[in-house]
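These notes concern the structure reproduced below.
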Amino acid sequence: MNREIWRVVLISLFSVIFGFGLGAPFETLVAGLVAYSLWTFRVISQLFSWIDKGMRGFPPDTDGVWGEISDTLNRQRRRHRRTQERMRRTINRITRLTGALEEGIVVLRSDLTIDWWNSSAAGLLALRSNDRGTAVTNLIRGPEFVSYISQKEFDGSLKLSSINPSDPVLQVSASFFGADEIVLVVTDITRMTNLEQLRKEFVGNVSHELRTPLTVMRGYLETLQDIPGNSQMVAKAFSQMSDQVVRMEALANDLILISRLESDDHPPKVEAVNLYQLLESIVAEAELLSESQHSISLDCEDNCIIDADAADLRSVLGNIVFNAVRHNPQGADVAIKVTRYKSYINVSVKDSGKGIDPMEIPRLTERFYRGDSSRNSDTGGTGLGLAIVKHALTRCDGRLTINSRLGQGAEFVCRFPLVPRS
């Protein structure tokens, strides 16, 4: 800038001095400034022409303020190109990374139209290049998906099943990002679904097949036990064998029940259930199981009605109450309390027994899992009780909360939602 100012000053002085020699200093000054202006306009024109062409090649060769401007723009151009190159490499790397994923990724605009997808999504959803800008609900028309993708907040995932058995089973999960855009993650769970179905069928079939030989064995054992003249050792052997057959029958029955709960896709049969009468019958069975070794109390209103599947409700509450009897020592108290709230009912089963290690609580609903205090055959349980509770509660839209510490007893709280009545 200083050089440009000095240039204007020198041109002006030279024009005035030269003008005095010609006897027209003002006219020569004007002529000098006009010449400088024309030169400046020429430089500016070259500079803008270079900019309009995308600043390719070298900038105009000039000095002064316009030379500094062109040099600054040229430096910015080089930095911009380096930034572009870094971004291009990053985008290519991300594209290769998403292309290598087995999960399909689809990016949706705020209006649910498709903006981008990776190669896995193209294969799983049969997307084509002309699908960009198409509403995703036009490609996936299932009412469950339309309801899921229209949520204001996404919770969990959705399983997309096809009518055609040969089509893959897909799982879709969505989340918001950016300016109200949505990213869909599509996973092919066909193999996992088939394995799970195979497992369910295997468990169900084996459990059913076990029933017949166990029934025959129990019948023969009862007959052999009644034969007069059995020695004490033989009688003890028959008694132990009979106990084990009974345990195997209980295990088979529980396996059949949990298999039914897992494979039953039909909605539960909801009916009005008198919770007091149900719990009263469960308490009566628990007292027989306890053989007067535990103190069992019930706190529930006589007319407490809940809309639920009676069989599922009995499985949930029966297993929890019977576990409280089986897994606690003689003299323990078992208190059952029903509390009604505005939108839900809590059923609490609290005991004063030996309690549960808090580290084991998250695993209690796993199949065949037993805490250290119950890893023996004295309790008579199958290890499936709380797994059955979990599945039955899921069908009831309920929730199980377990509170316990070693030596301080345990509390199992079942929460059941209340359905408004018309």
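Residue numbers (full-length UniProt numbering): 1 to 422. For every residue, glycine included, the Cβ atom is placed at its ideal position computed from N, Cα and C.
Among residues of its own chain, excluding the 5 on either side of I189, which ones have a beta-carbon nearer than 6 Å to its beta-carbon?
-> Counting from 1 along the sequence shown, the entry for residue 189 is found at position 189. Taken in chain order, the residues that qualify are V169, Q171.
Ranges of the beta strand (DSSP E) found wholly within the region 306-358, counting only runs of at least 3 | 333-340, 344-351
Going by CA-CA distance only, name the one from T212, D52, Q197 that's closest to S70.
-> In the sequence shown, residue 70 corresponds to position 70, counting from 1. When each option's Cα is compared against that of S70, the closest is D52.
Helix, strand or coil: which one does DSSP assign to S15?
-> Here residue 15 refers to the residue found at position 15 of the sequence shown. In the structure shown, S15 sits in a helix (DSSP, three-state: H, G or I).
Please determine if the region 191-198 and the region 113-121 are in contact, where contact requires at least 3 C-beta pairs separated by less than 8 Å.
-> no
Taking the DSSP output, what are the residues bridged to A174?
-> Within the sequence shown, the letter at position 174 stands for residue 174. Note: A174 sits in a beta bridge opposite L184.
Distance CB(L288)-CB(I388) smaller than 8 Å | Indexing the sequence shown from 1 puts residue 288 at position 288. Indexing the sequence shown from 1 puts residue 388 at position 388. Contact flag unset, no.
Confirm, please, whether the CB-CB distance from I114 to G133 is below 8 Å.
-> If you number the sequence shown from 1, residue 133 lands on position 133. If you number the sequence shown from 1, residue 114 lands on position 114. Yes, they are a contact pair.
Reducing DSSP to helix, strand and coil, say where G99 ends up.
-> As a first step, residue 99 must be located in the sequence shown, where it is residue number 99. Correct three-state label for G99: helix.
Using only alpha-carbon positions, find the residue among M55, I44, V185, G178 that is nearest to G104.
-> Counting from one through the sequence shown, the residue named residue 104 turns up at place 104. Checked all of M55, I44, V185, G178; the closest Cα to G104 is V185.
Which residues share a DSSP beta bridge with V413?
-> The sequence position of residue 413 within the sequence shown is 413, counting from 1. Paired residue(s): S348, T401.
List the whole-angstrom C-beta distance separating R405 from P358, where the pair is believed to meet the contact cut-off of C-beta under 8 Å.
-> In the sequence shown, the residue the question calls residue 405 occupies position 405. In the sequence shown, the residue the question calls residue 358 occupies position 358. R405 to P358, Cβ: 6 Å. Contact.
Taking all protein chains shown into account, decide if L10 is buried (16 or more other Cβ within 10 angstroms of its Cβ) or exposed.
-> Numbered from 1 along the sequence shown, position 10 holds the residue referred to as residue 10. When all chains shown are included, L10 counts as exposed.
Please go through the same chain and pick out, in chain order, the residues whose beta-carbon is closer than 6 Å to the beta-carbon of L224, but skip the five residues on each side of it.
-> Stepping through the sequence shown from its first residue, residue 224 is reached at position 224. If we look at L224 and ignore the five residues flanking it on each side, its Cβ neighbours are F238.
With contact counted as at least three CB pairs below 8 Å, one residue from each stretch, are the region 78-93 and the region 152-160 in contact?
-> no
Using the C-alpha atoms, what's the distance from G32 back to L47?
-> As a working note, residue 47 is residue 47 in the sequence shown. As a working note, residue 32 is residue 32 in the sequence shown. Cα-Cα distance, rounded: 23 Å.
Is there contact here, the region 359-367 with the region 314-325, by at least three beta-carbon pairs under 8 Å?
-> no
What is the C-beta distance between Y341 and P417, in whole angstroms, given that I count them as a contact (C-beta under 8 Å)?
-> Translated into the one-based positions of the sequence shown, residue 341 becomes position 341. Translated into the one-based positions of the sequence shown, residue 417 becomes position 417. Between P417 and Y341 the Cβ distance is about 10 Å, and since that is not below 8 Å, they are no contact.
For L298, does the three-state DSSP call read helix, strand or coil?
-> For this step, residue 298 is matched to residue 298 along the sequence shown. Strand at L298.
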